[in-house]
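Residue numbers (our numbering): 407 to 664.
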């Protein structure tokens with residue numbers, strides 16, 4: 407009984423998260439979910455979304471992994487301010503993110519003379535840019551925590567032998583962190599898939615011949631179905647996308663720790 411005050415909030419929080427998921431699946435039913443996966447429009451939308459999220463996750467790994475290590479080891483000046491800057495997209499409204507990214511390439515931008523020839527609107531790379539912007543903070547934060555928990559003795563020993571931090575990271579640390587990289591990149595991929603606010607502004611409907619012609623990203627498609635046809639039309643698509651994101655979460659859970 408003494409632990410009840412600790413356990414009860416945990417169970418309440420779990421219920422708040424689990425009950426809406428269960429209700430959504432109940433409302434859609436197996437037939438509704440299966441029919442969504444048989445819908446060519448949803449399959450095209452899901453393919454576009456998975457492609458963009460995979461590329462965004464790859465960018466997170468390529469850029470975020472060494473960045474997180476540098477932050478964890480204090481290898482740069484102003485580490486605290488830089489870390490806060492990298493986490494800032496978490497607190498920026500995502501419609502604002504979409505406006506920021508869009509206007510950066512517009513004639514109103516001071517960078518227009520450099521970026522003006524690049525048009526992110528309704529393009530695959532515009533969608534990837536939005537996904538990367540909102541998912542990178544999660545990846546960097548989680549990888550930094552991983553590196554901070556790792557044993558420093560070996561790194562100190564290798565440093566005493568004359569190895570630079572970069573050599574230690576790429577030769578030793580990176581190889582030993584593959585499990586965490588896989589797990590956290592899957593989580594960041596799930597975050598990229600779930601993005602709506604910035605994508606609906608930057609990439610409402612994507613065309614990229616010969617793969618995609620006016621295909622809406624999955625979250626935008628669900629909103630479109632709800633806005634135009636009502637709640638009942640969106641439930642099956644929402645449930646199907648939830649299945650995909652839960653599978654990613656399961657894979658992240660199963661990914662081996664270091």
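Backbone N, C-alpha and C fix where the C-beta goes; we use that ideal spot for every residue, glycine too.
This one's a predicted model, so the numbers in the text were calculated from it and none came from an experiment.
Give the secondary structure of residue 563 by DSSP, where H, G and I count as helix, E and B as strand, and everything else as coil.
helix
Distance check for residue 433 and residue 605, CA to CA, integer angstroms please.
27 Å
Which of helix, strand or coil DSSP assigns to residue 610:
coil
Residue 358 lies in the beta strand (DSSP E); which residues open and close that run?
This structure cannot settle anything about residue 358, because the visible part of the chain is limited to 407 through 664.
Candidates 482, 635, 415 and 451: closest to residue 530 by CA position:
451
With the cut-off set at 8 Å, would you say residue 465 and residue 538 are in Cβ contact?
yes
To which residues of the same chain is residue 658 closer than 6 Å at the C-beta, ignoring the five residues directly before and after it?
589, 592 and 593
Is DSSP giving residue 498 helix, strand or coil here?
coil
Nearest candidate by alpha-carbon position, reference residue 474, set 597, 555, 412 and 639
555
Residue 664 to residue 585, Cα distance in whole Å?
In this prediction, residue 664 scores a pLDDT of 46, lower than 50, which makes its location untrustworthy; no coordinate-derived value is stated.
In whole angstroms, what is the alpha-carbon distance linking residue 661 and residue 583?
11 Å
Rounded C-alpha distance that separates residue 581 from residue 471:
12 Å
Length-filtered (3 minimum) beta strand (DSSP E) runs lying within the region 417 to 477:
none
Residue 751 and residue 468: beta carbons closer than 8 Å?
A query on residue 751 cannot be resolved here, the shown segment of the chain reaching from 407 to 664 and no further.
Would you call the CB atoms of residue 535 and residue 543 closer than 8 Å?
no
Within 8 Å, strictly: CB atoms of residue 477 and residue 488
yes
I think residue 608 touches residue 504, with their Cβ atoms under 8 Å apart; what is that distance to the nearest whole Å?
5 Å
Between the region 623 to 632 and the region 555 to 572, can you find at least three pairs of beta-carbon atoms closer than 8 Å?
no
Taking DSSP as the reference, what is the three-state secondary structure of residue 528?
coil
Rounded to whole angstroms, what's the CA-CA distance from residue 639 to residue 619? Just pull it up for me.
22 Å
Limits of the unbroken alpha helix (DSSP H) element including residue 576:
That residue, residue 576, is in no alpha helix (DSSP H); it is neither H nor E in DSSP.
Going by alpha carbons, who is nearest to residue 439 out of 571, 641 and 652?
641
Judging by CA-CA distance, which residue of 507, 479 and 621 is the nearest neighbour of residue 574?
479
Looking only at its chain, what residues have a beta carbon closer than 8 Å to the beta carbon of residue 579, apart from the 5 residues adjacent to it on each side?
475, 553, 556 and 561
Please work out which residues of its chain come closer than 7 Å, Cβ to Cβ, to residue 547, disregarding the five sequence neighbours upstream and downstream, and give them in chain order.
493
Residue 550: buried (16+ other C-beta within 10 angstroms of its C-beta) or exposed?
buried
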